[in-house]
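Structure record follows, encoded as structure tokens.
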Amino acid sequence: MARNVIPRAELDVHRAARDSAQAALKLAREEVNDMQIRAPFTGVIATLTARNYQVIPAGQPIATLNSLDSLDVVFSIPENLFIVIDENNAQYQPIVLLNNLPGREFTARYKEHTTNTTAGSLTYQMTLTMPRPQDLPMLSGMSGSVKINLGNLAGASQKANVIVPVEAIFNPDNSPRNQPHVWVIKERDGKLFVESRQVETGQLTANGIQIVSGLADGERIVAAGTRELRPNQEVRAWVRERGL
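When we follow the numbering used here, the leftmost residue of the sequence shown carries the number 6, and every step to the right adds one.
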């Protein structure tokens, strides 16, 4: 009975050709994948930094992609506040104000931060994330500000006392010793003024000093430069951040 057989040497040649073709196919597929960049999320391209047929080295950005659902807020934070922020505290939800949407406030949550200070400023870059407002245009680099409630910083989860920076406490010149005060910020006719108020302090912690009584939750105080102020002096909020 006839059998379909070929010499072993010819079989080895065909097997080698098959293996070579499979290797070439695998390499071609990898090259195709290397020519494609897949976005990590759905969004709109804001800027392109590469041209057609340009050779792009690994790691070089080629585009800026804006998310359709969320908005990242990048701002600078001073060292004395940075060291007391607890990103694991669920209560830590800063308020974001956008200049092109006046009168509205948005709640954000912690996303990430740098581990080195910005050159020359001794500040850290922190990134918050928040849902994108429906009426916000798809633009990057818009300006705004961030409000941080000191009561939501590290150590405040105990809810027993408010923690404030040590620099916020002062003793008025015309008062007896050991009568700590803070400057409370009050708003009148759209302007901000300071009001001296005596408080009762508690323990000194690594995050600041406890205020046992004298301050209500949500009140704003002056955190630095207390010796330069006088009662009813007009002040303004210090806004360091310049972009989102």
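The C-beta atom is built at its ideal place from N, Cα and C for all residues, glycine as well.
* **Reference S148, options P170, M40, S81 and N183, closest by Cα** => S81
* Asked: Out of curiosity, what's the CA-to-CA distance linking H19 and Y58?
  -> 38 Å
* Asked: On the three-pair Cβ rule with 8 Å, is the segment 109 to 126 touching the segment 172 to 192?
  -> Between the segment 109 to 126 and the segment 172 to 192, the count of C-beta pairs closer than 8 Å stays below three; the two stretches do not touch.
* The beta strand (DSSP E) with Q203 in it runs from where to where? -> Q203 -> beta strand (DSSP E) spans K196 to Q203.
* Return the CA-CA distance between N71 and R23, expressed in angstroms with no decimal places. => Approximately 46 Å between the Cα atoms of the pair.
* Asked: Is it true that the CB of A113 sits closer than 7 Å to the CB of V78?
  -> yes
* Asked: From L127 to P83, what distance separates their C-alpha atoms?
  -> 7 Å
* Asked: Leaving out the 5 sequence neighbours to the left and right, which residues in its chain are closer than 8 Å to Q98 when beta-carbon positions are compared?
  -> T112, A113, R114 and N157
* V18, DSSP secondary structure in three states -> Helix.
* Asked: If we ignore side chains and look at the alpha-carbon of each, how far apart do T210 and A124 end up?
  -> 29 Å
* Asked: Do the segment 196 to 207 and the segment 236 to 243 meet, that is, are 3 or more Cβ pairs less than 8 Å apart?
  -> yes
* Give me whichever residues DSSP pairs with W188 in a beta bridge. => Answer is S201, bridged to W188.
* To do: Could you pull the start and end residues of the beta strand (DSSP E) that D140 belongs to?
  => Segment: none, D140 is in no beta strand (DSSP E) and carries neither H nor E.
* If you count every other CB in all the chains shown that lies within 10 Å of the CB of N183, and 16 or more means buried, which is it? -> exposed
* Per-residue DSSP class, three states only, for T231 -> Three-state DSSP puts T231 in a helix.
* Asked: How would you write the range of the beta strand (DSSP E) that E104 sits in, first residue to last?
  -> Position check: residue 104 holds Asn in this sequence, whereas Glu was assumed. No beta strand (DSSP E) contains N104, which DSSP labels as neither H nor E.
* Please state whether DSSP places A5 in a helix, a strand or coil. => With the chain represented from 6 up to 249, any question about residue 5 goes unanswered, as that position is not in the structure.
* With 16 other CB atoms within 10 Å as the buried threshold, where does G230 fall? -> exposed
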